[in-house]
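*Asks:* Those protein sequences? They're chains G and Y, same order as listed.
So the first sequence is numbered by this note's numbering: it starts at 2 and just counts up by one.
So the second sequence is numbered by this note's numbering: it starts at 274 and just counts up by one.
Using N, Cα and C, we set each Cβ at its ideal position, and we do this for glycine too.
Quick caveat, the model's predicted, so the values are computed rather than measured.
The structure's right below; bear with me while I get my questions together.
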Amino acid sequence: MQIEEKTKIGYYPGCAITMGSSSEEYGTSVLRVAEEIGPELEEIHDWNCCGASSAHATNHKLSTALSIRNISLAEQSGYKEILAPCPMCSQRLIVSQNDVEEDEELKKDVEDAIEMPCNGGVKIINYLELIKNYCMDEIAEKKKKTPKDLKIASYYGCLLLRPPKVLKFDDPENPTSMEEIVEATGATSVDWELKTNCCGGGFTLSRTDVVLKLTNDILECAADAGADAIAVACPMCHANLDMRQKKIGKEYNRKFDIPIVYISELIGLALDLGPISLGLNKHFIDTESVVNAFA
Amino acid sequence: MSKKIGVFVCHCGTNISATVDVEKVAEEAKKNNPGVSYTTTYKYMCSDPGQKLLRDKIKEEGLDGVVVAACSPKMHEHTFRNAAIKTGLNPYHVEISNLREQCSWVHPDKPTGTEKSIDLVRMMTEKTRKDKSLNPIKVPVTKRALVIGGGIAGIQAALDIADGGQEVIMVEREASIGGHMAQLSETFPTLDCSQCIMTPKMVEAAQHENITMHTWSEIESVDGYIGNFDVKIRKKARSVDLDLCTGCSSCWQVCPCKKIKSEFDMGMGNRTAIYIPFPQAIPSKPVIDRENCILFKDARKKNIKPNDSKVCRKCIDACPIAPVKAIDYNQVDEIVEEKVGAIIVATGYKELDDTSLYGEYGGGKYKDVITGLQFERLASASGPTEGAIKRPSDGKEPEIVVFIQCVGSRDPAKGCSYCSKTCCMYTAKHTMLFKHKVHHGHAFVFYIDIRCAGKGYEEFSQRAIEEEGATYLRGRVSRIYKKGEKLVVLGADTLTGSVVEIEADMVVLASAMKAQDDATKIAQAVYIQYDKDKFLSEIHPKLKPVESSSAGIFLAGTCQGPKDIPETVAQAGAAASKVLALLSADELEREPVVAKVDRSPPPVFSTCIGCFYCQKVCPYSAIESEDIKARDGSVIKTVARVNEGLCQGCGLCAATCRSKSVELAGFNDEQIYAEINALEFN
């Protein structure tokens with residue numbers, strides 16, 4: 002079968018940010034920004050779960066097969082790159098790709114299970130990589146609004162960068178790519194300490210106490226550094242920092258009111274795309290202050 | 274006339290006889306082999322009675338060739354050859370057939386072991402038939418030693434050699450001798466002041482009539498061989514005349530460049546551009562840092578001679594020496610040539626200083642995260658704070674200090690898989706020094722294991738915990754970040770299985786001991802080997818711990834691997850005793866197992882075709898070129914020649930030679946083929 006190579010990038014939303022799910026505003030804003038400044042994204046047909054959390058904690062082969070199926074689908078459709086904006090997805094896809102590359106036997110098992118070959122050669126990128134690789138000039142060109150005195154703490158969390166040996170993205174201890182994007186929108190980056198700390202991720206329901214402690218440290222550090230808002234590129238980080246903020250305040254006796262915005266929303270605001278079309282009305286902490294800064 | 278050969282098969286207790294039927298081996302050695310006139314077996318050939326048996330039989334039977342079938346020739350070849358010498362037999366007619374390491378120890382059953390042993394003995398018998406008498410090579414010895422490095426290892430080695438009555442030339446690349454030990458505050462496990470025990474040795478070395486000292490100098494090249502090294506030393510331009518200068522301090526007091534980070538203080542304090550590294554420096558005479566001095570900067574910019582620059586002449590103006598000033602801006606590097614008979618390499622270590630390796634500890638951006646050596650300078654009376662514990666960022670006294678062990682060490686991901694050996698002890702010492710100076714302070718230590726093997730070491734470490742109140746936590750630190758004025762240290766306590774978070778005022782990293790950046794350069798200059806971590810290699814880790822891979826070159830101190838002061842001093846003493854033994858004789862006897870390049874009568878002169886492939890493969894730089902000249906002086910051909918002093922008899926040249934012109938004495942083609950044929954035509 003002759004596969005036609007596409008210039009479009011395969012878009013893999015994953016469960017968290019696809020339309021109708023808990024973090025749909027991330028997906029919405031990513032697509033809205035891409036519509037405006039490119040590159041052209043096309044959803045991978047018949048994609049499935051990447052196998053994050055539950056699958057990779059219980060069955061290595063199953064979780065690998067789940068991820069590889071998505072990559073093979075993309076391969077068969079002729080995409081050379083896949084954008085997975087959710088870091089849990091991008092990490093799972095890259096790690097699985099790496100695992101089958103290193104383990105002939107696993108590759109064979111997985112190919113048998115998904116009934117498709119997996120030849121490699123498809124590059125998986127996260128949202129920050131997409132912007133850095135394709136959009137920096139476009140942002141500068143098409144930027145319509147410059148925020149007035151908006152200080153942003155860039156928060157990477159853990160999965161965008163780790164494990165560094167496999168992901169090979171930015172400096173794992175002191176990354177700077179999100180700050181570069183923040184600066185491109187015209188906002189000011191604050192230098193702060195906890196940008197790669199863990200937010201507690203999937204423990205939000207089972208060990209809420211731990212998550213509250215971790216997120217409190219992050220919010221406190223960002224607030225003390227003078228941040229008006231925190232930019233994120235992960236639905237899990239967003240959920241923990243946004244949804245739990247009131248409870249954190251109660252637990253640790255400090256009231257926080259820090260909007261948590263997706264980096265895609267921030268770009269969208271700079272491009273003067275409507276806040277509602279970017280999903281900025283779907284946050285627990287009111288994002289009005291950020292939206293107004295771009296007014 | 275064919276040789277009369279005796280075969281002596283050793284049982285080695287049961288080491289050989291359990292897997293090899295030694296009687297059968299002896300019997301077979303004689304069978305169909307008219308040259309073998311005597312065979313026997315013995316329980317321990319290396320014992321006195323065993324050696325006597327060998328001597329007696331050589332005489333009684335009139336043997337002129339001997340095969341001892343026993344352990345590796347590395348173990349007892351020397352023993353049996355010496356026994357042969359006593360009977361008047363040339364020792365090179367005695368050969369060892371290795372039935373232990375290469376047979377009994379590696380084969381599980383007796384039939385295989387016996388069969389192989391019979392072959393091995395037959396092969397060696399055939400070689401022995403072709404053995405020729407060889408005589409030791411005599412090499413003259415220059416009675417002077419070179420010590421490279423002026424730290425505690427170099428100083429100790431130099432003093433021991435000098436006290437033994439031999440001359441020593443000492444080369445130190447810094448402006449003063451003293452090395453790292455001079456930087457330390459107190460030493461474990463006795464807490465005596467490092468400089469107080471170091472400076473007397475420095476003074477003694479400086480004043481010793483047998484020691485010539487070259488500071489601010491580096492090794493340019495080393496040629497020659499054991500007993501006869503030719504050394505070129507580059508005396509870097511100091512810009513100060515050591516003979517004229519009195520060390521009065523006038524010059525560095527007026528120097529306007531006062532903000533240069535002091536290397537001696539590990540960047541914790543400042544120095545001037547003309548400076549002595551520390552108050553007790555030897556020689557106590559300054560050097561100009563030409564990189565940072567504004568006069569030299571100006572001269573470089575304008576491309577003029579330094580003395581023609583008029584930007585700043587404060588130091589020379591302040592110099593009270595007359596009529597010729599002790600400062601000479603135009604001084605240039607000088608090359609000094611020396612002949613020595615032995616060399617000790619004592620070039621020391623450097624502390625891991627690549628902060629980018631530890632992004633999780635701030636990657637160098639937090640001023641209050643310091644290294645072990647920096648803490649030494651803080652705690653030292655001669656340091657930038659005169660011994661007061663003040664943190665670098667704001668000069669405040671820290672109350673909570675976290676010490677992290679194994680930073681770099683034992684971490685292959687950071688490039689050092691080895692243990693730096695000294696950190697457990699110096700961290701315990703640091704907690705005590707801290708507690709002694711900041712009574713209300715508290716020290717936390719994160720460790721992987723506590724390794725305190727040494728006299729009084731374990732007690733010392735326990736004292737830090739039990740009497741001085743340091744809190745030891747078994748686990749690693751995952752992250753350090755700044756929160757206000759504090760440093761938050763996140764770590765694990767793996768004994769309680771809990772996560773630890775400490776808000777500290779200062780953090781001290783027990784950074785790994787690494788090989789010097791240019792360790793490989795010095796190794797290549799003197800032709801010695803180094804290991805994967807670039808520490809210089811001893812030839813045998815147990816039995817030859819101070820000998821390098823090149824004859825006549827010895828190792829002392831941390832250039833060979835991480836070690837503490839007592840161990841360094843012991844090794845320096847050992848290296849010095851090896852040098853003294855070497856320099857004790859006027860001539861040196863060397864094994865005659867060396868290569869030789871063919872020399873033939875005219876008109877051939879030599880079958881060597883001058884391709885010099887042998888020179889490329891020789892690991893010891895023992896191949897030289899020689900011009901064969903006619904009477905009128907014209908060159909007939911250029912051929913290879915082996916320097917017998919340098920040759921170690923490895924045989925690479927003989928194997929490489931395309932025209933079969935190189936022969937290794939004791940292992941010539943005839944001998945090797947005799948061995949092979951003995952195996953093939955059975």
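#1: Quick one: is residue 756/Y near chain G, going by C-beta distance under 8 Å?
#2: Can you give the Cα-Cα distance for residue 233/Y and residue 693/Y, rounded to whole angstroms?
#3: If you follow the beta strand (DSSP E) that residue 387/Y is part of, which residue opens it and which one closes it?
#4: Can you list the residues of chain Y that residue 175/G reaches, using a CB-CB cut of under 8 Å?
#5: Do you know offhand how far residue 802/Y's Cα is from residue 618/Y's?
#6: For residue 774/Y, which residues in the same chain have their Cβ closer than 6 Å to its Cβ, ignoring the five residues on either side in sequence?
#7: Excluding sequence positions up to five away, which residues of its chain have a Cβ less than 8 Å from the Cβ of residue 734/Y?
#8: Give the straight-line distance between the Cα atoms of residue 634/Y and residue 557/Y, rounded to the nearest whole angstrom.
#9: Using only alpha-carbon positions, find the residue among 530/Y, 749/Y and 492/Y that is nearest to residue 771/Y.
#10: Might you give, ordered along the chain, the residues of its own chain that have their beta carbon closer than 8 Å to the beta carbon of residue 330/Y, omitting 5 neighbours on each side?
#11: Using 8 Å as the cut-off, can you tell me whether the stretch 66–81 of chain G makes contact with the stretch 115–129 of chain G, which would need three or more C-beta pairs spanning the two stretches below that distance?
#12: Is it right to say residue 955/Y is buried, meaning 16 or more other beta carbons lie within 10 angstroms of its own, or is it exposed?
#13: Looking at residue 435/Y and residue 852/Y, is the spacing between their C-beta atoms short of 8 Å?
#14: Should residue 622/Y and residue 839/Y be called a contact, given that it needs their Cβ atoms to be closer than 8 Å?
#15: Could one say the Cβ of residue 162/G lies closer than 8 Å to chain Y's Cβ atoms, at least one of them?
#16: Please list the partners that residue 116/G has in chain Y, where partner means a Cβ-to-Cβ separation under 9 Å.
#17: Since I believe residue 189/G is in contact with residue 151/G (beta carbons under 8 Å), could you give me their beta-carbon distance rounded to a whole number of angstroms?
#18: Mind checking residue 494/Y: buried by the 16 CB within 10 Å criterion, or exposed?
#19: Tell me the rounded alpha-carbon separation between residue 164/G and residue 170/G.
#20: Between residue 172/G and chain Y, is any beta-carbon pair separated by less than 8 Å?
#21: For residue 195/G, collect the residues of the same chain with a Cβ closer than 6 Å to its Cβ; drop the 5 residues on either side in sequence, then sort them by chain order.
#22: Quick check on this structure: which residue in 9/G, 8/G, 10/G and 27/G has the alpha carbon closest to the alpha carbon of residue 16/G?
#23: Residue ranges of each beta strand (DSSP E) run of no fewer than 3 residues wholly in the stretch 657–686 of chain Y, ordered along the chain?
#24: Can you tell me the Cβ-Cβ gap for residue 647/Y and residue 541/Y, rounded? I've got them flagged as a contact below 8 Å.
#25: Mind checking if residue 181/G is an interface residue toward chain Y, Cβ cutoff 8 Å exclusive?
#26: Just to confirm, are residue 245/G and residue 215/G a CB contact at a threshold of 8 Å?
#27: CA-CA distance, residue 442/Y and residue 300/Y?
#28: Bridge partners for residue 124/G per DSSP, in chain order?
#29: Reducing DSSP to helix, strand and coil, say where residue 146/G ends up.
#30: Which value, in whole angstroms, describes the spacing of the CA atoms of residue 901/Y and residue 939/Y?
#31: Can you pull the chain Y residues whose beta carbon is under 8 Å from the beta carbon of residue 222/G, in chain order?
#32: Pop quiz: residue 593/Y and residue 523/Y are said to be a contact at Cβ under 8 Å. What is the actual Cβ separation, rounded to whole angstroms?
#33: Report yes if the C-beta distance between residue 549/Y and residue 449/Y is below 8 Å; otherwise report no.
#34: Counting only Cβ pairs nearer than 8 Å, list the residues of chain Y close to residue 195/G.
*Replies:* The answer reads as follows:
#1: yes
#2: Since the first and last residues shown for chain Y are 274 and 955, residue 233/Y lies out of range.
#3: Premise fails: residue 387/Y lies in the alpha helix (DSSP H), 383–403, not in any beta strand (DSSP E).
#4: 632 and 636
#5: 12 Å
#6: 763
#7: 697, 698, 701, 723 and 725
#8: 38 Å
#9: 749/Y
#10: 279, 281, 311, 313 and 336
#11: yes
#12: Any reading at residue 955/Y must be qualified, since the residue scores a pLDDT of 48, below 50, and its modelled position is unreliable; no value is offered.
#13: no
#14: no
#15: no
#16: By Cβ distance, chain Y contributes nothing, its closest Cβ being about 39 Å from residue 116/G, past 9 Å.
#17: 7 Å
#18: exposed
#19: 9 Å
#20: yes
#21: 219 and 222
#22: 27/G
#23: 673–680
#24: 6 Å
#25: no
#26: no
#27: 60 Å
#28: 82/G
#29: coil
#30: 27 Å
#31: 754 and 756
#32: 6 Å
#33: yes
#34: 754
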